[in-house]
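Counted the way the numbering used here counts, the sequence shown spans residues 709 to 888.
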Amino acid sequence: MSKKVLIISSSPRKGGNSDTLCDKFMEGAKSAGNEVEKISLREKKINYCTGCGFCNTNDNTVCSQKDDAAEILDKMVEADVIVLATPVYFYTMCAQLKTLIDRCCARYTHIENKEFYFIMTAADLSSHAMDRVLAEFDGLMACLPGANPMGAVVATGVWQKGEVDKTIYPQQAFDLGKSI
709 MSKKVLIISS SPRKGGNSDT LCDKFMEGAK SAGNEVEKIS LREKKINYCT GCGFCNTNDN
769 TVCSQKDDAA EILDKMVEAD VIVLATPVYF YTMCAQLKTL IDRCCARYTH IENKEFYFIM
829 TAADLSSHAM DRVLAEFDGL MACLPGANPM GAVVATGVWQ KGEVDKTIYP QQAFDLGKSI
């Protein structure tokens, strides 16, 4: 059965390591017959959550801010599968992705029963360096009704743009996408 897959790339660099792995994941998911859309946060205007509480007065459906977050959140609600991809800076997800996650307050109760996949890239050679990021994703999963984490590509030792191409990680991303 074909699924609706939404890939959210938070890489600030087009063709950066995490962005490249998103493309490979997309190739795999498409080859399995899924409908796939990739959103690049670097091309979107997403403001920080101001904590105003407006969304709480509107049944968690509307944010007072008028930017690109509403469109992305609508797509997250409609998707069957959500892929969150981030380069890892200072042992945490990048600000672009964290900003979008914080803006989920306006719709988080509607982002329910989704399969989640994660893509992370870091210069650090240790996979343990990614434990904090995985814990952050676990925190998000705990807030979303029926969230089902399915798998992750944890790409270490890739710093400069293009380094990921010489590793096993593109194949891992393709295979994970194809498994949907």
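Quick reminder that beta carbons are idealized off the backbone N, C-alpha and C, glycines included. Computed from a predicted structure; not experimentally measured.
Identified DSSP bridge partners for residue i
i	result
V862	M828
I715	K746 and V791
V796	M801
N856	E823
C-beta contact flag for residue i and residue j at 9 angstroms
i	j	result
V862	M838	yes
V713	A803	no
F845	L792	yes
N755	A778	no
L833	T864	yes
I747	T794	no
Three-state secondary structure (DSSP) of residue i
i	result
V872	helix
Y877	helix
S835	helix
V770	coil
K783	helix
G723	coil
T840	According to the sequence as given, residue 840 is Arg; it is not Thr. If DSSP states are grouped into helix, strand and coil, R840 belongs with the helices.
M734	helix
Y756	coil
D883	helix
I888	coil
A777	helix
G741	coil
M709	coil
G761	coil
Straight-line Cα distance separating residue j from residue i
i	j	result
S772	C763	7 angstroms
R815	K869	34 angstroms
T765	T829	38 angstroms
T817	V789	16 angstroms
K753	D873	29 angstroms
D810	L749	14 angstroms
Y825	E735	15 angstroms
Y705	K783	A question about residue 705 goes unanswered here, because the residues of the chain that appear run from 709 up to 888.
R840	P857	16 angstroms
K806	P878	24 angstroms
S718	S710	25 angstroms
A952	Q880	Because the chain is modelled from 709 through 888, residue 952 falls outside the range shown and cannot be assessed.
T800	D767	31 angstroms
Residue i beta carbon near the ligand NAP (any heavy atom closer than 8 angstroms)
i	result
I876	Of ligands this structure carries none, so the ligand NAP is not represented either.
**Message:** With three or more C-beta pairs closer than 8 angstroms as the rule, is the segment 720-735 touching the segment 752-769?
**Reply:** no
**Message:** Whether or not the segment 879-888 and the segment 737-745 are in contact is what I'm after, with contact meaning three or more pairs of Cβ atoms, one per stretch, closer than 8 angstroms; do they touch?
**Reply:** yes
**Prompt:** Should the segment 818-827 be regarded as contacting the segment 845-857, the criterion being three or more beta carbon pairs within less than 8 angstroms?
**Reply:** yes
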